[in-house]
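The structure under discussion appears below in the form of structure tokens.
2 protein chains.
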Amino acid sequence: MRYGRTINVTMDKNQSCIRVLADEVQIQQCKENLEENKESFGKLSSILNLAGNEVRLKILYLLEQEGQLCPCDLSDILGMSIPAISQHIRKMKDRNIITGKRSGQTIFYAINEEHLELLKPLFQEITVGDKKEMI
Amino acid sequence: MRYGRTINVTMDKNQSCIRVLADEVQIQQCKENLEENKESFGKLSSILNLAGNEVRLKILYLLEQEGQLCPCDLSDILGMSIPAISQHIRKMKDRNIITGKRSGQTIFYAINEEHLELLKPLFQEITVGDKKEMI
DNA sequence: ACTGTATTTAAGTATTTGCTTAAATAATGA
DNA sequence: TCATTATTTAAGCAAATACTTAAATACAGT
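Just so you know, the protein sequences line up as chains A and B, in that order.
First residue of the first sequence? That's 1 in the UniProt record's numbering, and the numbers climb one at a time after it.
First residue of the second sequence? That's 1 in the UniProt record's numbering, and the numbers climb one at a time after it.
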């Protein structure tokens with residue numbers, strides 16, 4: 001099914017509104033803008049989707065604060081089962097947000113440099129609260 | 001079921017690792033840090049969760065760029081059904097990310113000021129790509 | 001009051017998510 | 001080699017998500 005204003009309205013029953021006030025040029029420009037940045041939207045939304053889960057947000061925050069942590073530590077800190085943590089880690093590893101370094105039996109995970117720039121401002125939203133209490 | 005290192009290991013079969021190397025102090029501090037910022041994590045993750053959907057990210061991006069848009073416009077631009085758009089809008093309205101102003105039959109939605117600060121840096125991730133093409 | 005337009009809401013559904021438990025891998029040390 | 005520890009993977013399942021279609025609501029103009 002198609003959506004959006006069409007020249008040939010009779011061709012398909014257009015579900016969209018037919019507001020006269022609609023700015024066709026504006027709408028066309030928006031479409032083009034989205035199309036141009038198609039890839040960016042995919043990438044960004046997938047990262048935000050990962051960070052948009054409270055457990056994963058906490059994991060990312062902790063990794064940023066502590067530098068690196070193992071699934072075992074995270075399980076302790078978050079009070080969750082190791083498999084649950086491991087599956088969250090896998091998602092972030094798969095989308096290249098974090099990387100693990102093995103040290104014996106333990107695997108230490110850390111945030112990939114390239115994503116810190118995007119994530120740091122988000123963490124500040126959290127840490128800002130700390131400062132308020134410290135004053 | 002409980003997780004995490006315990007003093008009385010015999011009391012419950014502790015699923016957590018029992019690594020000697022674990023830094024108990026570090027872990028305790030992390031726990032406290034999370035507890036202190038409990039509310040922030042909830043709020044932030046719920047916003048990121050909304051932005052972590054490609055359709056909603058695009059809606060937010062468009063609202064920021066254009067100032068305000070109606071469901072009808074968004075339906076056109078994104079090529080999606082009006083109810084689909086409306087339901088995304090509802091979620092964001094419910095969590096106070098956007099607000100609607102009625103003008104006749106049309107309702108124009110815009111991002112709430114208080115959230116722009118958090119969202120703008122994210123949008124830059126997208127717009128940065130534009131500049132590259134303009135040079 | 002009636003018609004048409006813009007939007008929302010409701011109900012139904014296929015897919016995804018995030019946990020659980022149990023089993024599989026991988027590395028260490030006796 | 002065998003037992004222990006750390007982590008991952010697999011299978012199962014309840015809940016959440018994101019769409020669909022159809023119906024309801026709200027407003028405007030005649």
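Note that beta-carbon positions come from the ideal geometry of N, C-alpha and C, so glycine has one too.
Could you confirm whether any beta carbon from chain A is found closer than 8 angstroms to the beta carbon of N96 (chain B)? The residue you call residue 96 (chain B) lines up with position 96 of the second sequence. For N96 (chain B), the answer is no, since every Cβ of chain A falls outside 8 angstroms of its Cβ.
By the three-class DSSP mapping on this structure, what secondary structure does S103 (chain B) have? Reading the second sequence from its first residue, position 103 is the one you call residue 103 (chain B). In this structure, S103 (chain B) counts as strand in the three-state DSSP scheme.
Hey, does N53 (chain A) have any beta-carbon neighbour from chain B nearer than 8 angstroms? Here residue 53 (chain A) refers to the residue found at position 53 when the first sequence is read from its first residue. Chain B contact via Cβ: present.
Report the rounded CA-to-CA distance for T10 (chain A) versus P83 (chain B), giving the unit in angstroms. Residue numbering aside, residue 10 (chain A) sits at position 10 when the first sequence is read from its first letter. Residue numbering aside, residue 83 (chain B) sits at position 83 when the second sequence is read from its first letter. Note that T10 (chain A) scores 34 on pLDDT, short of 50, meaning its location in the model is unreliable and no value can be drawn from it.
Interface positions of the segment 32-54 of chain A facing chain B (Cβ-Cβ less than 9 angstroms), listed along the chain: N33, L34, E36, N37, E39, S40, F41, G42, K43, L44, S45, S46, I47, L48, N49, L50, A51, G52, N53, E54
Separation of Y61 (chain B) from Y109 (chain A), as counted between CA atoms: Numbered from its first residue, the first sequence carries residue 109 (chain A) at position 109. Numbered from its first residue, the second sequence carries residue 61 (chain B) at position 61. Each residue's Cα considered, the two are about 32 angstroms apart.
How should R102 (chain A) be labelled, buried or exposed, when 16 other C-beta atoms within 10 angstroms of its C-beta is the threshold for buried? Here residue 102 (chain A) refers to the residue found at position 102 when the first sequence is read from its first residue. By the 10 Å Cβ count, R102 (chain A) comes out exposed.
Would E64 (chain A) pass as a contact of I111 (chain A) if the rule is Cβ separation under 8 angstroms? Mapped onto the first sequence, residue 64 (chain A) falls at position 64. Mapped onto the first sequence, residue 111 (chain A) falls at position 111. Taking 8 angstroms as the cut-off, the beta carbon of E64 (chain A) is found closer than this to the beta carbon of I111 (chain A).
Rounded to the nearest angstrom, what separates I85 (chain A) and Q105 (chain B) at their Cα positions? What you label residue 85 (chain A) is simply residue 85 of the first sequence in a count that begins at 1. What you label residue 105 (chain B) is simply residue 105 of the second sequence in a count that begins at 1. Their backbone Cα atoms lie some 48 angstroms apart in a straight line.
In the DSSP assignment, what are the bridge partners of A51 (chain B)? For this step, residue 51 (chain B) is matched to residue 51 along the second sequence. Looking at the DSSP assignment, A51 (chain B) forms no beta bridge with any residue, so it has no partner.
In whole angstroms, give me the CA-to-CA distance for Q26 (chain B) and E117 (chain B). For the purposes of this step, residue 26 (chain B) is taken as residue 26 along the second sequence, with counting starting at 1. For the purposes of this step, residue 117 (chain B) is taken as residue 117 along the second sequence, with counting starting at 1. About 32 angstroms.
Any C-beta of chain A within less than 7 angstroms: which residues of the segment 108-129 of chain B qualify? L118, P121, L122, E125, I126, G129
Return the CA-CA distance between K58 (chain B) and T99 (chain A), expressed in angstroms with no decimal places. For the purposes of this step, residue 58 (chain B) is taken as the residue at position 58 of the second sequence. For the purposes of this step, residue 99 (chain A) is taken as the residue at position 99 of the first sequence. Approximately 29 angstroms, taken between the alpha carbons.
Residue burial classification, P71 (chain B) (beta-carbon count within 10 angstroms, cutoff 16): By 1-based counting over the second sequence, the position of residue 71 (chain B) is 71. Buried: at least 16 other Cβ atoms inside 10 Å.
Shortest alpha-carbon distance to E113 (chain B) belongs to which of B:L74, B:Q68, B:N33? Taking the first residue of the second sequence as position 1, residue 113 (chain B) is located at position 113. When each option's Cα is compared against that of E113 (chain B), the closest is B:Q68.
Skipping 5 residues on each side, what residues in its chain have a beta carbon closer than 8 angstroms to that of S81 (chain B)? Mapped onto the second sequence, residue 81 (chain B) falls at position 81. So the qualifying residues of the chain are S75.
Beta carbon proximity, I59 (chain B) to chain A, threshold 8 angstroms: The count along the second sequence starts at 1 and reaches residue 59 (chain B) at position 59. No, no contact with chain A.
Using only alpha-carbon positions, find the residue among A:L44, A:I126, A:E125, A:Q28 that is nearest to E66 (chain B). Start at 1 with the first residue of the second sequence, and residue 66 (chain B) comes out as number 66. Minimum Cα distance to E66 (chain B) is reached at A:Q28.
Taking 8 angstroms as the limit between beta carbons, can you name the residues of its chain near A51 (chain A), skipping five residues before and five after? Translated into positions along the first sequence, residue 51 (chain A) becomes position 51. Counting only Cβ-Cβ distances below 8 angstroms, and skipping sequence neighbours, we find L57, L60, L119, L122.
Which residues share a DSSP beta bridge with A110 (chain B)? Walking along the second sequence from the start, residue 110 (chain B) turns up at place 110. In DSSP, A110 (chain B) forms a bridge with B:T99.
Rounded distance between the beta-carbons of I77 (chain B) and K38 (chain A), thought under 8 angstroms: In the first sequence, residue 38 (chain A) corresponds to position 38, counting from 1. In the second sequence, residue 77 (chain B) corresponds to position 77, counting from 1. Going by Cβ atoms, the distance from K38 (chain A) to I77 (chain B) rounds to 13 angstroms, so no, they are not a contact pair.
Under the rule that 16 or more other beta-carbon atoms within 10 Å means buried, what is N8 (chain B), buried or exposed? To locate residue 8 (chain B), count along the second sequence from 1; it is residue 8. The predicted model places N8 (chain B) with a pLDDT of 36, which falls under 50 and marks its position as unreliable; any figure quoted below should be read in that light. Counting other Cβ atoms within 10 Å of its Cβ, N8 (chain B) stays below 16 and is therefore classed as exposed.
Pair within 8 angstroms by beta-carbon distance, N53 (chain A) and S45 (chain B): For the purposes of this step, residue 53 (chain A) is identified with residue 53 of the first sequence, where counting begins at 1. For the purposes of this step, residue 45 (chain B) is identified with residue 45 of the second sequence, where counting begins at 1. Yes. Within cutoff.
Give me the Cα-Cα distance between V55 (chain A) and I89 (chain B), rounded to the nearest whole angstrom. Residue 55 (chain A) sits at position 55 when you count from the first residue of the first sequence. Residue 89 (chain B) sits at position 89 when you count from the first residue of the second sequence. C-alpha separation (whole angstroms): 25 angstroms.
Output yes if chain A places a C-beta closer than 8 angstroms to the C-beta of E64 (chain B); else output no. Position 64 of the second sequence, counting from 1, holds the residue named residue 64 (chain B). False, the Cβ-Cβ gap to chain A never drops below 8 angstroms.
Would you say S86 (chain A) reaches chain B, if we count a Cβ-Cβ gap shorter than 8 angstroms as a contact? What you label residue 86 (chain A) is simply residue 86 of the first sequence in a count that begins at 1. Not one chain B Cβ lies under 8 angstroms of S86 (chain A).
Verify whether the separation of the beta carbon atoms of G42 (chain A) and Y3 (chain B) is less than 8 angstroms. Working through the first sequence from its first residue, we reach residue 42 (chain A) at position 42. Working through the second sequence from its first residue, we reach residue 3 (chain B) at position 3. The Cβ-Cβ distance between G42 (chain A) and Y3 (chain B) does not fall below 8 angstroms.
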